[in-house]
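What follows is a set of notes on a single structure, which appears directly below.
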Amino acid sequence: MQRDSFGSRFGALVVIAGSAVGLGNIWRFPYMAGTNGGAAFIILYLVFVALICFPCMIAELMIGRRSRSNAPTSLRALAPGRRAWDWTGKLFIIIPILVLSYYCVIGGVTMEFFTRSLGMNPPSGNWSPVVWTAVFLLATGLIVVFGVQKGIERFSKVMMPLLFIIVILIAIRALTLPVRPGAEYSAADGIAFLFRPDFSKIDGKTCLAALGQAFFSLSLGSGVLMTYGSYIRPHDNLAKTAGQIAFFDLLFAIIAGCAIIPAVFALKDNPLAILSDNTDSALVFNILPDVFPQMPLGSLVGAFFFFALILAALTSSISQFEVPVSYLVEEKGLSRTVACAAVFCIALVLGMACALRPKVMSAFDGLCANWLMPLGGLLALLFVGWVLTRGDLSDELSSGGTHKVGERFIAVLSFAIRYLAPVGVIAVFLSQLFS
Numbered sequence: 003m004q005r006d007s008f009g010s011r012f013g014a015l016v017v018i019a020g021s022a023v024g025l026g027n028i029w030r031f032p033y034m035a036g037t038n039g040g041a042a043f044i045i046l047y048l049v050f051v052a053l054i055c056f057p058c059m060i061a062e063l064m065i066g067r068r069s070r071s072n073a074p075t076s077l078r079a080l081a082p083g084r085r086a087w088d089w090t091g092k093l094f095i096i097i098p099i100l101v102l103s104y105y106c107v108i109g110g111v112t113m114e115f116f117t118r119s120l121g122m123n124p125p126s127g128n129w130s131p132v133v134w135t136a137v138f139l140l141a142t143g144l145i146v147v148f149g150v151q152k153g154i155e156r157f158s159k160v161m162m163p164l165l166f167i168i169v170i171l172i173a174i175r176a177l178t179l180p181v182r183p184g185a186e187y188s189a190a191d192g193i194a195f196l197f198r199p200d201f202s203k204i205d206g207k208t209c210l211a212a213l214g215q216a217f218f219s220l221s222l223g224s225g226v227l228m229t230y231g232s233y234i235r236p237h238d239n240l241a242k243t244a245g246q247i248a249f250f251d252l253l254f255a256i257i258a259g260c261a262i263i264p265a266v267f268a269l270k271d272n273p274l275a276i277l278s279d280n281t282d283s284a285l286v287f288n289i290l291p292d293v294f295p296q297m298p299l300g301s302l303v304g305a306f307f308f309f310a311l312i313l314a315a316l317t318s319s320i321s322q323f324e325v326p327v328s329y330l331v332e333e334k335g336l337s338r339t340v341a342c343a344a345v346f347c348i349a350l351v352l353g354m355a356c357a358l359r360p361k362v363m364s365a366f367d368g369l370c371a372n373w374l375m376p377l378g379g380l381l382a383l384l385f386v387g388w389v390l391t392r393g394d395l396s397d398e399l400s401s402g403g404t405h406k407v408g409e410r411f412i413a414v415l416s417f418a419i420r421y422l423a424p425v426g427v428i429a430v431f432l433s434q435l436f437s
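Put into structure tokens, the structure is as follows:
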């Protein structure tokens with residue numbers, strides 16, 4: 003059976019960017035920035051992306067494309083006979099399933115809010131979150147079951163540009179909200195809050211949060227980029243693709259922040275208290291539904307916002323879903339349909355626990371974003387830096403000699419992969435342990 007691959011470089015770009023540009027940008031980034039020093043958090047995030055995440059992206063994409071296999075099989079294929087890396091590969095099955103299990107809960111809540119924004123009143127009850135979780139997970143599985151080109155790539159080519167357009171329009175609407183009579187704050191104050199650095203908020207916990215956000219947002223350390231890297235065509239420019247993904251991810255996160263934070267300042271009487279007390283998804287699901295009705299054409303803006311959230315959730319959830327599916331298809335010989343059904347059942351069971359017990363979801367999120375995903379990225383860096391050779395790195399960066407790559411760039415990236423990025427991840431871990 004011929005292995006599937008992306009049909010074009012643009013297709014690869016929108017799919018991999020879609021795995022990065024998701025709920026992590028809309029649901030997570032605004033409140034993380036708002037509660038961790040505004041621009042100080044963004045600066046920290048940029049440093050981590052440049053020094054740690056970009057080398058890690060190259061490493062993970064390289065592992066996948068060099069082996070042309072799913073994440074666990076890639077490590078075994080490139081390091082035959084080394085059982086430690088064989089066992090390490092199993093981590094890249096566990097992480098995406100855990101992420102998917104609570105991601106689908108958020109996606110389901112987003113679907114429910116979208117139906118309410120259209121004026122519908124879906125039934126609610128103790129089991130309502132489970133039903134919406136199953137609906138969202140089913141939608142994800144139906145996209146993945148059609149394969150890489152006909153399912154994932156076709157969906158992303160249409161929905162990713164649409165997602166950008168919708169969020170940009172919402173940001174423009176938020177930034178142009180008029181000042182309310184007698185109000186203490188305005189949308190401009192929200193922009194100032196978002197982009198004014200408060201370095202007093204920076205400590206070991208904030209560093210771990212920024213690194214975790216970067217890994218979560220860019221889908222690093224979960225096996226997603228290894229799996230998607232295996233679908234990238236041999237002649238496509240790996241470094242250029244990674245750089246564009248990082249750029250669009252950051253751009254989208256900032257646009258999402260401009261769509262949410264200014265609206266809270268313009269339409270709420272106590273925005274600082276709201277943002278300082280916000281420690282979870284309350285900003286998107288508790289605050290904004292009260293904000294939209296106060297806007298001109300607020301119902302329409304709200305509907306567009308939650309539709310954009312659904313698209314963002316799906317572009318990311320399909321990437322997490324695809325990782326274990328590709329493993330089951332290639333390693334266990336299952337059909338894609340059966341593999342999708344198996345992943346659906348496992349994720350649904352875990353998702354039910356997250357939907358019925360918010361503390362379970364919070365624990366999964368903290369475990370994956372702050373610990374397991376950075377650990378997975380660290381292992382990928384060590385694998386490329388110390389198991390593979392600099393010749394392997396040069397060959398992948400040049401796409402087998404197709405692209406001209408400077409020796410200085412290869413030397414700097416090799417140093418970052420072997421030393422700089424791993425030390426950065428370990429330092430952030432230690433700062434959290436001893437803080």
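All the letters of the sequence shown, read from the start, carry residue numbers 3 to 437 under this note's numbering. Just so it is clear, CB atoms sit at the ideal spot from N, CA and C, and this is done for glycine as well.
Endpoints, alpha helix (DSSP H) assigned at residue i
i	result
Val-345	338-358
Asp-88	85-119
Gln-151	No alpha helix (DSSP H) holds Gln-151; DSSP gives it neither H nor E.
Val-333	A quick correction: the sequence has Glu, not Val, at residue 333. Note, Glu-333: alpha helix (DSSP H), 300-333.
Phe-56	56-69
Asp-271	Counting along the chain, Asp-271 falls outside any alpha helix (DSSP H), and DSSP gives it neither H nor E.
Ala-42	41-50
Asp-397	392-399
Gly-378	375-384
Pro-124	Here Pro-124 belongs to no alpha helix (DSSP H), and DSSP marks it neither H nor E.
Pro-74	73-80
Arg-410	409-417
Lys-207	206-219
Met-34	31-37
Leu-422	First-last for Leu-422: undefined, no H or E at that position.
Gly-231	226-231
Contact set for residue i: own chain, Cβ-Cβ below 6 Å, skip 5 residues either direction
i	result
Pro-131	Ala-357
Gly-20	Ser-158, Met-162, Thr-317
Ala-61	Ala-382, Leu-383, Val-386, Ile-419
Ile-65	Ser-76, Met-228
Lys-361	none
Spatial neighbours of residue i in its chain, beta-carbon cut-off 8 Å, leaving aside the 5 residues before and after
i	result
Gly-143	Phe-323, Cys-342, Ala-343, Val-345, Phe-346
Arg-392	Ile-412, Ser-416
Leu-369	Leu-100
Met-3	With a pLDDT of 45 at Met-3, under the threshold of 50, the modelled position of that residue is not reliable, and the figure given next carries that caveat. Counting only Cβ-Cβ distances below 8 Å, and skipping sequence neighbours, we find nothing.
Leu-277	Tyr-33, Gly-36, Thr-37, Phe-195, Ile-263, Val-266, Leu-285
Val-389	Leu-80, Ala-81, Arg-84, Trp-87
Thr-243	Arg-11, Ala-14, Leu-15, Ile-18, Leu-63, Ile-234
Member of the options whose CA lies at the smallest distance from the CA of residue i
i	options	result
Leu-253	Arg-11, Ser-364, Ala-14, Leu-48	Leu-48
Leu-299	Lys-242, Glu-62, Ile-172, Met-228	Ile-172
Asn-272	Glu-186, Arg-410, Ile-193, Ile-234	Glu-186
Leu-63	Thr-317, Ser-76, Leu-53, Ala-52	Ser-76
Leu-213	Ser-401, Val-51, Ile-28, Gly-402	Val-51
Gln-246	Met-59, Phe-309, Pro-74, Leu-46	Met-59
Val-430	Leu-227, Ser-188, Gln-215, Met-363	Gln-215
Val-351	Ile-97, Asn-27, Tyr-104	Tyr-104
Ala-136	Val-407, Leu-422, Gly-353, Val-160	Gly-353
Gly-403	Glu-409, Leu-274, Asp-367, His-237	His-237
Gly-121	Ala-305, Val-325, Ile-428	Ala-305
The ligand ATP heavy atom lying under 7 Å from the CB of residue i
i	result
Cys-260	As presented, the structure is devoid of all ligands, the ligand ATP included, so that no description of it is given.
Residues near residue i in its chain [Cβ-Cβ closer than 7 Å; skip 5 each side]
i	result
Gly-40	Phe-195, Leu-196, Phe-197, Arg-198, Pro-199, Asp-200
Ala-261	Val-169, Ile-172, Ala-173, Ala-176
Query raised in the report: Does the stretch 320-329 touch the stretch 220-230, meaning 3 or more C-beta pairs lie closer than 8 Å?
Result: Touching, per the Cβ criterion.
Report task. Let me know the alpha helix (DSSP H) ranges lying completely inside the stretch 128-189, each 4 residues or longer, listed in chain order. Result -> As far as the stretch 128-189 is concerned, its whole alpha helix (DSSP H) runs of at least 4 residues are 130-146, 156-177.
Report task. Examine the Cβ distances between the stretch 111-125 and the stretch 89-96 and report whether three or more of them are shorter than 8 Å. Result -> In short, these stretches do not touch, since the Cβ pair count stays below three.
Query - Inter-stretch contact at 8 Å, needing at least 3 Cβ pairs: the stretch 174-193 / the stretch 8-16 - result: Contact between the stretch 174-193 and the stretch 8-16 is absent, with fewer than three C-beta pairs closer than 8 Å.
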